[in-house]
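Colleague: In mature numbering (1 follows the signal peptide of the UniProt record, and there is no 0), the protein residues as written are -23 to -1, 1 to 704.
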């Protein structure tokens, strides 16, 4: 019903939009889109007052509730919103129609490089070998296993292509097999709101059990009795993960016992089992604080005990080995450290350092083995893998040769082994799954992600890594890649990408889709700006809250450096970022619009003040420690000074492509929609402004492995067309 309704309104909306809204038409036919009638959203002024300050939002009316979006019959407001979104989509189609052939060529190129029949490297767990594979032409995967025995037959646990039939969106979430290997629990989302229903499949008979757990995150963990499972549910309004329930197979969800309720709306909760399988853990986390509870996995009806009560600015996570819990934490350790504590004495005064804090090295994670401890560390902006033998006889780093790369331990289910499995990639090197013998240092490459192109060679591309000095003296890492025949000149097109929030580091990894830009003469660069964690925890702290503007000025400084050093020019410089990186795009558009020829803002978080004042919106309450709480005037004033939506002005902007999803639960569609409408109303240039709304998906875009690249082709065609590259 939802799909039919939206397309019905689409047809009406495109036909009647000129009757419902004002029309703005440009007449200079220098570029194809300039003769196309531009959709203009109606204005209904809404006064928003706090701290004796009033903002007038002319497009507040675009905000719809979930009830309005899901209604079988749209009300007048919903009708108006859909008409506007569909009119923008129609304008985008007309404005980009002359690139249809190029978009198709790009799409065919991109999906043509993807191996159609492919499979992951199997990993062993509890007597079975698990893997995922794709069949020729399939958008969705088959999830499979075999017994670890010669001649064992394949079992298809989940048939993605069959399960997705007839659905416009289909997402498989977490999966977990019971300890006796007989029952599979798995989550399914068919709306793209990341609200999963957990189903149970009898792996001996292939039949689904009657049990069905709704409104979950798809996060779950089995107790060792093979009949009890703990799972996480969401607040139906805010979508915050707030409760952990205990479910017994064969019972109705209504009978499930609530074992933990996270009442602090700045925290979210989750459940998992330790690597040893001996303990169940319930975690609660926010930006600056965590708390864990543990329970013997053999006694699911027992009492949960707290490891260390939550404290402001104390973050930790827990795993189990032998007689100790191992605790990754930042207790008096900005860059984190690793401690251990006896199982019977878990509070922080009992924590003993295993890996001490270091000012110049960020400890990111750890993996426990019988004889080895493996650390994921970050030094000088790059990931490293450190291998240590418990007896101290062997302590070394795995060596990597590329100037910019990403490496990390991957699935390591076997505890008593000398072999570490890790993943490696760089800007020029396709992803590789590698087994590393921690004793002999011998490496075995199990798989290199295949680029299906007879002309592809990693030697055709060169990468660089440099440090750019920001205006306040900070040294910003920058990673670049280009075709070896691409010269660095003022006429060279360059795409600069960044994120810069939540301590999320953007890794210099390979992307086969990106070859379509590199082979056409583009340079691709990543600015590892503050707000990420590339240079350690300090890097993150220096790009959040009341220091958030460092993120934006870092990006601008990198762009100006690349122009000044002759890598490109403002006439050929492009910027891209998504989600919080879309906030970055909105900010730099307002701060330095003349620096860019074109900007792509994907699912952008741009209406910062209004969103952070609305605690009914998903993500708001537990992000106060990232952005600040605007109910505090100091944070309100600071947010207001950079919020992209609030700072749109009557001035010239570069070419802009904005993308969103109608069912996005992380950045609601109305943020980019309102932003596009306001830009249209105020900008003084004749440059192209496109809003592309996928009416069937959410934050992550299309769910199929091929379908998602249609938007990539649109983004690439947007830039290539501006460069007058037609093929």
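Glycine is no exception: its CB is placed at the ideal position from the N, C-alpha and C atoms.
What does a CB cutoff of less than 7 Å around residue 602 pick up in its chain, not counting 5 residues either side in sequence?
Modeller: Answer for residue 602: 263, 264 and 265, listed in chain order.
Colleague: Just how far apart, CA to CA, sit residue 189 and residue 396?
Modeller: Those two C-alpha atoms are separated by around 39 Å.
Colleague: I believe residue 212 touches residue 219 by the beta-carbon criterion, under 8 Å. Please report the beta-carbon distance rounded to the nearest angstrom.
Modeller: At roughly 5 Å, the Cβ-Cβ gap stays under 8 Å, so residue 212 and residue 219 are in contact.
Colleague: For residue 384, write down the residues that DSSP places opposite it in a beta bridge.
Modeller: For residue 384, which the question treats as bridged, DSSP gives the partners 401.
Colleague: In terms of residues, what are the limits of the alpha helix (DSSP H) holding residue 138?
Modeller: Segment 137 to 140, the alpha helix (DSSP H) holding residue 138.
Colleague: Just verifying my parser: in three-state terms, what is the DSSP assignment at residue 589?
Modeller: Helix.
Colleague: Excluding the five sequence neighbours on either side, which residues of its own chain have a C-beta within less than 6 Å of the C-beta of residue 480, listed in chain order?
Modeller: Once the five neighbours on either side are set aside, the close Cβ partners of residue 480 are 510 and 517.
Colleague: Is there contact here, the stretch 417 to 437 with the stretch 519 to 534, by at least three beta-carbon pairs under 8 Å?
Modeller: The stretch 417 to 437, when compared against the stretch 519 to 534, does not touch it at the 8 Å Cβ threshold.
Colleague: For residue 73, report the span of its beta strand (DSSP E) as first-last.
Modeller: Per DSSP, residue 73 belongs to no beta strand (DSSP E) and is neither H nor E.
Colleague: Extract the residue ranges of the beta strand (DSSP E) inside the stretch 450 to 538, only unbroken runs of 3 or more that lie entirely within it.
Modeller: 452 to 460, 471 to 474 and 500 to 504, all fully within the stretch 450 to 538.
Colleague: Nearest to residue 227 by alpha carbon, out of 256, 248, 268 and 185?
Modeller: The shortest Cα separation from residue 227 among 256, 248, 268 and 185 belongs to 185.
Colleague: Give me whichever residues DSSP pairs with residue 132 in a beta bridge.
Modeller: DSSP lists 122 as partners of residue 132.
Colleague: So, for residue 178: in the same chain, excluding its five sequence neighbours on each side, which residues have a beta-carbon less than 6 Å away from its beta-carbon?
Modeller: The answer, listed in chain order, is 161 and 185.
Colleague: Under the DSSP definition of a beta bridge, which residues are partnered with residue 199?
Modeller: Paired residue(s): 206.
Colleague: By the DSSP assignment, the alpha helix (DSSP H) with residue 45 in it spans what residues?
Modeller: Note, residue 45: alpha helix (DSSP H), 43 to 47.
Colleague: Sorted by chain position, which residues of the same chain lie with C-beta nearer than 8 Å to residue 655's C-beta, five sequence neighbours on each side aside?
Modeller: Closer than 8 Å at the Cβ level, and outside the excluded window around residue 655, lie 35, 36, 622 and 625.
Colleague: With which residues is residue 28 paired in a DSSP beta bridge?
Modeller: In DSSP, residue 28 forms no bridge with anything.
Colleague: Between the alpha carbons of residue 512 and residue 442, how many angstroms are there, rounded?
Modeller: Distance between the alpha carbons of residue 512 and residue 442 is about 14 Å.
Colleague: Apart from the five residues just before and just after residue 2, which ones in its own chain have a Cβ nearer than 6 Å to its Cβ?
Modeller: Confidence at residue 2 is low in this model, with a pLDDT of 37, below 50, so its placement is unreliable and the value that follows should be read with caution. Contacts found: 14.
Colleague: Which of the three DSSP states is assigned to residue 580 in this structure?
Modeller: Coil, per DSSP.
Colleague: In whole angstroms, what separates the C-alpha of residue 133 from that of residue 140?
Modeller: One C-alpha to the other measures close to 12 Å.
Colleague: Does the contact criterion of 3 or more C-beta pairs under 8 Å hold for the stretch 372 to 381 versus the stretch 537 to 557?
Modeller: Too few Cβ pairs lie closer than 8 Å, so no.
Colleague: Which residue spans inside the stretch 298 to 324 form an unbroken beta strand (DSSP E) run of at least 3?
Modeller: Whole beta strand (DSSP E) segments, 3+ residues: 301 to 306 and 314 to 319.
Colleague: Counting along the chain, where does the alpha helix (DSSP H) carrying residue 20 start and finish?
Modeller: From DSSP, residue 20 is part of no alpha helix (DSSP H); its letter is neither H nor E.
Colleague: So, is the C-beta of residue 557 closer than 9 Å to a C-beta in chain B?
Modeller: Absence of chain B from the displayed structure is noted, only one protein chain being present.
Colleague: Report the option in 684, 540, 460 and 398 whose CA atom is closest to the CA atom of residue 466.
Modeller: It is 540 whose Cα lies nearest to the Cα of residue 466.
Colleague: Kindly list the residues whose CB is nearer than 7 Å to the CB of residue 314, restricted to its own chain and excluding five residues on each side of it in sequence; keep chain order.
Modeller: Only 306, 330, 332, 333, 334 and 340 meet the Cβ criterion.
Colleague: Rounding to the nearest angstrom, what Cα-Cα distance links residue 670 and residue 566 in this structure?
Modeller: Cα to Cα, residue 670 sits roughly 21 Å from residue 566.
Colleague: Alpha carbon to alpha carbon, how far is residue 520 from residue 365? Give it in angstroms, no decimals.
Modeller: So the alpha carbons of these two residues sit roughly 33 Å apart.
Colleague: Could you pull out every residue in the same chain whose Cβ sits closer than 7 Å to the Cβ of residue 504, ignoring the five residues on either side in sequence?
Modeller: These residues qualify, in order along the chain: 453, 455, 473, 475, 531, 532 and 535.
Colleague: Contact between the stretch 596 to 612 and the stretch 234 to 247 is defined here as three or more beta-carbon pairs at a separation below 8 Å; is this criterion met?
Modeller: They touch, by the three-pair rule.
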